[in-house]
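Colleague: Letter 6 of the sequence shown, counting from 1, is numbered 6 in the UniProt record's numbering, and no numbers are missing.
Here a beta-carbon is modelled for each residue, glycine too, at the ideal position from N, C-alpha and C.
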Amino acid sequence: MRLKLKALRANSNMKQSEVAQKLGISTTTWSKWENGKSFPDVAQVKEIEKLFGVAYDDIIFLS
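(1) So Y56 and E47 are supposed to be a Cβ contact under 8 Å. How far apart are they, rounded?
(2) Is it buried or exposed for R2, if we count other Cβ within 10 angstroms and need 16 for buried?
(3) Mind listing, in chain order, the continuous beta strand (DSSP E) runs of no fewer than 3 residues lying wholly within the UniProt domain "HTH cro/C1-type" (5-59)?
(4) Output the distance between the C-alpha atoms of residue 82 and Q44, rounded to the nearest integer angstrom.
(5) Assign V19 to one of two classes, buried (16 or more other C-beta atoms within 10 Å of its C-beta) or exposed (fewer than that).
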């Protein structure tokens with residue numbers, strides 16, 4: 001099943017600020033990713049995969 005970043009975060013019961021802190025980014029950056037206004041680079045995608053236990057192919061980056 002493919003999920004948007006917001007769904008991954010919500011399913012993990014985390015706030016945007018919590019995810020941002022775990023990834024070492026600002027809350028604004030995470031918000032932009034969730035809303036499709038900007039996108040993570042490859043290294044950041046790998047961290048997202050680890051944090052949520054999902055593969056790149058299971059993440060929808062466009063809102």
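Modeller: By the coordinates alone:
(1) Within the sequence shown, residue 56 is the residue found at index 56, counting from 1. Within the sequence shown, residue 47 is the residue found at index 47, counting from 1. No, Y56 and E47 are not in contact; Cβ-Cβ is about 12 Å, not under 8 Å.
(2) Counting from 1 along the sequence shown, the entry for residue 2 is found at position 2. R2 comes out exposed.
(3) none
(4) The displayed coordinates of the chain run from 1 to 63. Any statement about residue 82 would go beyond what the structure contains.
(5) Counting from one through the sequence shown, the residue named residue 19 turns up at place 19. Its Cβ being crowded by 16 or more others within 10 Å, V19 is buried.
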